[in-house]
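For the record, the sequence lines run as chains A and B.
Numbering follows full-length UniProt numbering, in which position 182 of the first sequence is assigned residue number 182; successive positions increment by one, without gaps.
Numbering follows full-length UniProt numbering, in which position 118 of the second sequence is assigned residue number 118; successive positions increment by one, without gaps.
Even for Gly, the Cβ is constructed at its ideal location relative to N, Cα and C.
Shown next, in structure tokens, is the structure this report addresses.
2 protein chains.
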Amino acid sequence: MEPFDIDWIDRFEGLKRLPPDIRADLTQGSQILSAPAGTQIFAPGQSADNLLLLLEGSVRVQQKSDTGREVFLYRVHAGESCVLTTACMLSFEDYAADGIAETDVRAVAIPRKTFDALVARSAVFRTFVFTAYSRRITDLFTLIDDIVFQRMDVRLATRLLELADETGTVVATHAILASELGTAREVISRTLAEFQRRGWIEQSRGKLSLIGRAGLERMVRLA
Amino acid sequence: MEPFDIDWIDRFEGLKRLPPDIRADLTQGSQILSAPAGTQIFAPGQSADNLLLLLEGSVRVQQKSDTGREVFLYRVHAGESCVLTTACMLSFEDYAADGIAETDVRAVAIPRKTFDALVARSAVFRTFVFTAYSRRITDLFTLIDDIVFQRMDVRLATRLLELADETGTVVATHAILASELGTAREVISRTLAEFQRRGWIEQSRGKLSLIGRAGLERMVRLA
DNA sequence: GCGCCTTTGGTGACCAAGTCACCGAGGCTT
DNA sequence: AAGCCTCGGTGACTTGGTCACCAAAGGCGC
Chain A
1 MEPFDIDWID
11 RFEGLKRLPP
21 DIRADLTQGS
31 QILSAPAGTQ
41 IFAPGQSADN
51 LLLLLEGSVR
61 VQQKSDTGRE
71 VFLYRVHAGE
81 SCVLTTACML
91 SFEDYAADGI
101 AETDVRAVAI
111 PRKTFDALVA
121 RSAVFRTFVF
131 TAYSRRITDL
141 FTLIDDIVFQ
151 RMDVRLATRL
161 LELADETGTV
171 VATHAILASE
181 LGTAREVISR
191 TLAEFQRRGW
201 IEQSRGKLSL
211 IGRAGLERMV
221 RLA
Chain B
1 MEPFDIDWID
11 RFEGLKRLPP
21 DIRADLTQGS
31 QILSAPAGTQ
41 IFAPGQSADN
51 LLLLLEGSVR
61 VQQKSDTGRE
71 VFLYRVHAGE
81 SCVLTTACML
91 SFEDYAADGI
101 AETDVRAVAI
111 PRKTFDALVA
121 RSAVFRTFVF
131 TAYSRRITDL
141 FTLIDDIVFQ
151 RMDVRLATRL
161 LELADETGTV
171 VATHAILASE
181 LGTAREVISR
191 TLAEFQRRGW
201 IEQSRGKLSL
211 IGRAGLERMV
221 RLA
């Protein structure tokens, strides 16, 4: 096991320049948590008492609609913070989204008290927090833009390229891809069938391989 | 003219409990601006040096797509702050949205320096800022949910009820309504024609009147 | 008032996407 | 082997977005 508890601070770009005394406070005033894949990291109605900085793994943030369906909002990767909980932490408002660990995760939990003290004391920490916010907001803007103006086939191609590992394999059912893009499974099935027809992918149950990345990339580029 | 410069602080719910010394600093370290309807309040690429707190009027925040079309994101009303500029202010990231004064506006401009000092010094101010952020983010979540799952007729009915004045009049062209909802003008025309057929509205050039609010409200409620 | 132009709104044809209902294949359990 | 559940495929239909075009309404100069 790597020594996360020693210098995890340097894993966060925006925190590298924290002065030594603040670093000490941060290390002291926070703790490291682990959770297995599938854990509900946060949920509506459950007031958050910690800001989470993700060390390992990824967290899927989604919104549950009243109608029972779900919209994928964004994914928090290692090295990023889950600012949604910050919002909740200080404003005491309930949020409408929930977060689920997609993999086993390790994260630093900064309790409200420590967070507030650091925001007051350190300009570097403030910038870190506001940068994280601004990035999320602009991500959401981009998402909205995509949803409204982008064709589904282009969005699916983009997502496949993102999700593929080095070997070009994407492990996901059509239903999962549909929920990532906020569309219906049938639409994914039809679009993937078309990609296959064009020789860009090969499908098997629960996964697919990109065998013609170039085609997908061209579709994305020309969008 | 009302004495905005004296006690505008009390117009903001979250700031009412600022202690006197902080209030003084805030008043000293900020200034009041006015702008006529149509002014571009902020724009992509233009780095923001002020946090704006809106005293009078409303600002429309929208995202310009690469394809030239626009998506309406949200509206900032009097008594609210435009946190998007905050994000930009501290993180130095460019944002992708622009803001346009829909009416003549008056706003308090808090320069970066004052803003940063206040965030450091005052817990009340911190809460105010984070609450504003969290509200915007949850608003965006709701917007995404609406776009993905809600039918256009329901969304249009909702918007008409919001935009109507006391007499039930909505002053807006079909094109404006279309851009508010991120759809095409033709769709608005068709939907409004249907509302008219049902006796819910009456149309004339550039405006319409709700003559059957109950019908619209029922549609929204049952959505 | 009269022409001229711009803005606004209406329409039909077509395409993309979401919905509904249903089915069949693959894999797992017992 | 039988039963079951998950996954994916399909056709018919509705909704929404796009395109091309037109007509009516209002503003403006003269």
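Per-residue burial, residue i [other beta carbons within 10 Å of its own, 16 or more giving buried]
i, result
"Ile110(B)", "buried"
"Leu222(A)", "exposed"
"Asp7(A)", "exposed"
"Gln62(A)", "buried"
"Ile105(A)", "The question names Ile, yet the displayed sequence has Val at residue 105(A). Label assigned to Val105(A): buried."
"Thr167(A)", "exposed"
"His174(A)", "buried"
"Val71(A)", "buried"
"Leu18(A)", "buried"
"Gly182(B)", "buried"
"Glu80(A)", "buried"
"Ala107(A)", "buried"
"Asp21(A)", "exposed"
"Ile211(A)", "exposed"
"Val59(A)", "buried"
"Asp98(A)", "buried"
"Arg136(A)", "buried"
"Leu216(A)", "buried"
Contact list for residue i against chain A, beta-carbon separation under 7 angstroms
i, result
"Val148(B)", "Val71, Ile147 and Gly182"
"Arg216(B)", "Strictly speaking, residue 216(B) in this sequence is Leu, with Arg absent from that position. Those within 7 angstroms of Leu216(B) in chain A number zero; the least Cβ separation is about 19 angstroms."
Cross-chain neighbours of residue i in chain A, by beta carbon under 8 angstroms
i, result
"Asp153(B)", "The contacting residues do not exist; Asp153(B) stays about 16 angstroms from chain A at best."
"Asp116(B)", "Ala123 and Arg126"
"Thr27(B)", "Those do not exist, as Thr27(B) stays about 21 angstroms from chain A at its closest Cβ, beyond 8 angstroms."
"Leu15(B)", "Under the 8 angstroms cutoff, chain A gives no residues; its nearest Cβ is about 14 angstroms from Leu15(B)."
"Leu33(B)", "Here the premise fails: no neighbours, minimum Cβ distance about 22 angstroms."
Terminal residues of the beta strand (DSSP E) in which residue i lies
i, result
"Gln62(A)", "Ser58 to Lys64"
"Ile9(A)", "Segment: none, Ile9(A) is in no beta strand (DSSP E) and carries neither H nor E."
"Arg75(A)", "Glu70 to His77"
"Ala109(B)", "Val105 to Pro111"
"Thr97(B)", "Note that residue 97(B) corresponds to Ala in the displayed sequence, not to Thr. Its beta strand (DSSP E) spans residues Ala97 to Ala101."
"Leu208(A)", "Lys207 to Leu210"
"Leu33(A)", "Gln31 to Ala35"
"Gly202(A)", "In the sequence on display, residue 202(A) carries Glu and not Gly. Counting along the chain, the beta strand (DSSP E) containing Glu202(A) begins and ends at Ile201 to Ser204."
"Thr169(A)", "Thr169 to Val171"
First and last residue of the uninterrupted alpha helix (DSSP H) at residue i
i, result
"Ile22(B)", "Pro20 to Gln28"
"Ser179(B)", "His174 to Leu181"
"Asp146(A)", "Ala123 to Phe149"
"Asp153(A)", "Met152 to Leu163"
"Ala214(B)", "Arg213 to Leu222"
"Glu186(A)", "Arg185 to Arg197"
Within chain B, partners of residue i - CB distance below 8 angstroms
i, result
"Gln63(A)", "Phe141, Ile144 and Asp145"
Residues that residue i contacts on chain A, provided the C-beta gap is smaller than 9 angstroms
i, result
"Ala96(B)", "Thr138, Phe141, Thr142 and Asp145"
"Phe42(B)", "Per Cβ cutoff of 9 angstroms: no residues; Phe42(B) is ~13 angstroms from chain A at best."
"Leu222(B)", "Here the premise fails: no neighbours, minimum Cβ distance about 12 angstroms."
Where residue i meets chain B, residues with beta-carbon distance less than 7 angstroms
i, result
"Ala109(A)", "In chain order: nothing, as chain B lies at least about 18 angstroms away."
"Leu53(A)", "Neighbours of Leu53(A) on chain B: none; closest Cβ ~17 angstroms, over 7 angstroms."
Contact set between residue i and chain B, taken where Cβ atoms lie within less than 9 angstroms
i, result
"Ala120(A)", "Val119, Ala120, Arg121, Ser122, Ala123 and Arg126"
"Phe12(A)", "The contacting residues do not exist; Phe12(A) stays about 14 angstroms from chain B at best."
"Leu18(A)", "Within 9 angstroms Cβ-Cβ: nothing; Leu18(A) doesn't reach chain B, min ~15 angstroms."
Just checking, does the region 119–132 of chain B make contact with the region 187–202 of chain B on the three C-beta pairs under 8 angstroms criterion?
Touching, no, given that fewer than three Cβ pairs across the two stretches are closer than 8 angstroms.
Inter-stretch contact (C-beta, 8 angstroms, three-pair minimum) for the region 8–15 of chain B and the region 192–208 of chain A:
No, because fewer than three Cβ pairs between the region 8–15 of chain B and the region 192–208 of chain A fall closer than 8 angstroms, the two stretches do not touch.
Quick one: which residues of the UniProt domain "HTH crp-type" (150–214) of chain A get their C-beta closer than 7 angstroms to a C-beta of chain B? List them in chain order.
Cβ contacts with chain B come from Gly182.
Mind the definition here: the region 146–162 of chain A touches the region 131–151 of chain B only if three or more C-beta pairs lie below 8 angstroms; say whether that holds.
When Cβ pairs closer than 8 angstroms are counted between the two stretches, the region 146–162 of chain A is seen to touch the region 131–151 of chain B, the count reaching three or more.
Is there contact between the region 48–56 of chain B and the region 155–163 of chain B, where contact requires at least three CB pairs shorter than 8 angstroms?
In this structure the region 48–56 of chain B does not touch the region 155–163 of chain B; the number of beta carbon pairs closer than 8 angstroms is below three.
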